[in-house]
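Residue numbering for the sequence shown follows our numbering, starting at 43 and increasing by one per position.
Virtual Cβ for every residue (Gly too), placed ideally from N, Cα, C.
Please read the structure below before turning to the comments.
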Amino acid sequence: MKVIDSNIALIDFLHFVSTQKTHLNNWQFFHVIIQDPEKKLQIDEVEQFLDFHIQNDDAWLLKVHDTQELLLFTNKNDSLALSKFEKAAYENFQGNVLRVQFRGFEGDGLEKFSNIIAPLIGQDDIINQVVFKRMRRLGNCILVLDDDPMIIKQMEKIISGYGNIIALEEVDEFFDNYKQYAPDLLFLDIHLKSAKGNEILKELKTTIDPYAHVVMISSDTKKEIIIDIKAGGANGFVVKPLSREKLFQQIMKAPTITKKS
Numbered sequence: 043m044k045v046i047d048s049n050i051a052l053i054d055f056l057h058f059v060s061t062q063k064t065h066l067n068n069w070q071f072f073h074v075i076i077q078d079p080e081k082k083l084q085i086d087e088v089e090q091f092l093d094f095h096i097q098n099d100d101a102w103l104l105k106v107h108d109t110q111e112l113l114l115f116t117n118k119n120d121s122l123a124l125s126k127f128e129k130a131a132y133e134n135f136q137g138n139v140l141r142v143q144f145r146g147f148e149g150d151g152l153e154k155f156s157n158i159i160a161p162l163i164g165q166d167d168i169i170n171q172v173v174f175k176r177m178r179r180l181g182n183c184i185l186v187l188d189d190d191p192m193i194i195k196q197m198e199k200i201i202s203g204y205g206n207i208i209a210l211e212e213v214d215e216f217f218d219n220y221k222q223y224a225p226d227l228l229f230l231d232i233h234l235k236s237a238k239g240n241e242i243l244k245e246l247k248t249t250i251d252p253y254a255h256v257v258m259i260s261s262d263t264k265k266e267i268i269i270d271i272k273a274g275g276a277n278g279f280v281v282k283p284l285s286r287e288k289l290f291q292q293i294m295k296a297p298t299i300t301k302k303s
C-alpha cells in the first residue's frame, strides 16, 4: 500500500480519492484511532500491523501523527482482510486501545469520509482546501475563462451536459471563483485581452492548485505556441473554432471528472 503522511503530502491522498469517484462504490475506508492513555502504542506499529494484513498495492493509507489516526482507502476486495485485522488487533494490542470503523461509500459515505479529513486542513491552507473541495463534491464542475462572449455561449451550449459550468469573461473574477468552485477542469483562453493565459496558468498551478487540469483555448496553432503551452503545465489544447468532439475528448481526459455509466 502507499503510505502518506498527512503533514507532508495530504494533497496527494485527496487527489487520488478524487480520481476514483466514478467507481467510488467499489471502494471503502477504514478508520483507526489509537486511544492509549499511556502512549505506549505507536502509530508506526499499527501501520506495520495493518500492512501485514492488507497486502494491496492499490490501497492508500493516510497517517495522522498529531491525532494518532490512520485512514485507509482501499477496494472492497479487502473486506475480509480488514475484518481479520480488526480481530487480530484486539487480540494483539492490550487494553482495547484501538477504535476501528470501516464502511463503504454508498449513501453518505463520502461525506463521512470527508468529515474525518476536514479537521486536518487549516482555513489558510488554500491548496489543500481547493483539492479537498473537489474531492468531497458529488458531480462535475467545469470552469471556462474566455473574454469572447461568443466563445462563452458556444462552450456553455456544447458542454452543459457534463456538469456545473462556470463561465467567466473577466480575469479579475477568476482566482476567487476557482478557489470557490475547485473545478475538475479549466478551459483557459491563451490570448486574453487583459492577461496572458500562460501567466494565469503558472500562478494557478503554483499558488492555488498543483493538480489543476487545464486545457488551453487558442486560434493560434503555431508549433512554438503549443510547445510553450505544454511546457507551462497545460494538460491539453483545443483550437478555435471549437469542435464538440475535441471538447468532449478533453473533458474525458480530466482525471477527476465523474464519467457517466
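When the options are compared against residue i, the one with the closest alpha-carbon
| i | options | result |
| --- | --- | --- |
| F94 | A123, A51, Q196, W69 | A123 |
| D226 | A131, T298, Q90, F72 | T298 |
| N67 | K288, D99, D150, I293 | D150 |
| G146 | K63, F290, L185 | K63 |
| F335 | D100, S48, I207 | As shown, the chain starts at 43 and ends at 303. That puts residue 335 outside it, with no answer to give. |
| A209 | L187, E215, K129, K282 | L187 |
| Q222 | F135, I250, M43 | I250 |
| E153 | K195, S125, R178, D214 | R178 |
| G164 | Q292, L52, K295 | L52 |
| I232 | Y204, D190, A131 | D190 |
Rounded separation between residue i and residue j - CA only
| i | j | result |
| --- | --- | --- |
| Q97 | V88 | 14 Å |
| H57 | E212 | 28 Å |
| P161 | L228 | 28 Å |
| L230 | I242 | 9 Å |
| L246 | N277 | 13 Å |
| Q77 | Q171 | 28 Å |
| T300 | N182 | 6 Å |
| S202 | S285 | 14 Å |
| S261 | N219 | 25 Å |
| V256 | F155 | 27 Å |
| N117 | E111 | 20 Å |
| D167 | A237 | 26 Å |
| F71 | F144 | 6 Å |
| L289 | I193 | 13 Å |
| A224 | V173 | 7 Å |
| N49 | E198 | 39 Å |
| V74 | Y253 | 28 Å |
| K235 | I271 | 18 Å |
| E133 | K126 | 11 Å |
N- and C-terminal bounds of the alpha helix (DSSP H) containing residue i
| i | result |
| --- | --- |
| I268 | 265 to 273 |
| K175 | 168 to 178 |
| H57 | 48 to 61 |
Per-residue DSSP class, three states only, for residue i
| i | result |
| --- | --- |
| S156 | helix |
| S236 | coil |
| G203 | helix |
| E80 | coil |
| D120 | helix |
| F135 | coil |
| S125 | helix |
| E212 | coil |
Residue i classed as buried or exposed, judged by whether at least 16 other C-beta atoms fall within 10 angstroms
| i | result |
| --- | --- |
| Q90 | exposed |
| E80 | exposed |
| G239 | buried |
| R6 | The shown model of the chain, from 43 to 303, leaves out residue 6, and the question about it has no answer. |
| L244 | Note on identity: in this sequence residue 244 is Lys, with Leu being the wrong assignment. The residue in question, K244, is exposed, as its Cβ has fewer than 16 Cβ neighbours within 10 Å. |
| I269 | exposed |
| K175 | buried |
| K82 | exposed |
| A273 | exposed |
| M258 | buried |
| Q292 | buried |
| L180 | exposed |
Residue range of the beta strand (DSSP E) that includes residue i
| i | result |
| --- | --- |
| I85 | That residue, I85, is in no beta strand (DSSP E); its alpha helix (DSSP H) goes 85 to 95. |
| L66 | Where L66 is concerned, there is no enclosing beta strand (DSSP E), given that its DSSP letter is neither H nor E. |
| I259 | 256 to 260 |
| L284 | From DSSP, L284 is part of no beta strand (DSSP E); its letter is neither H nor E. |
| L227 | 227 to 231 |
| Q143 | 140 to 146 |
| L104 | 102 to 106 |
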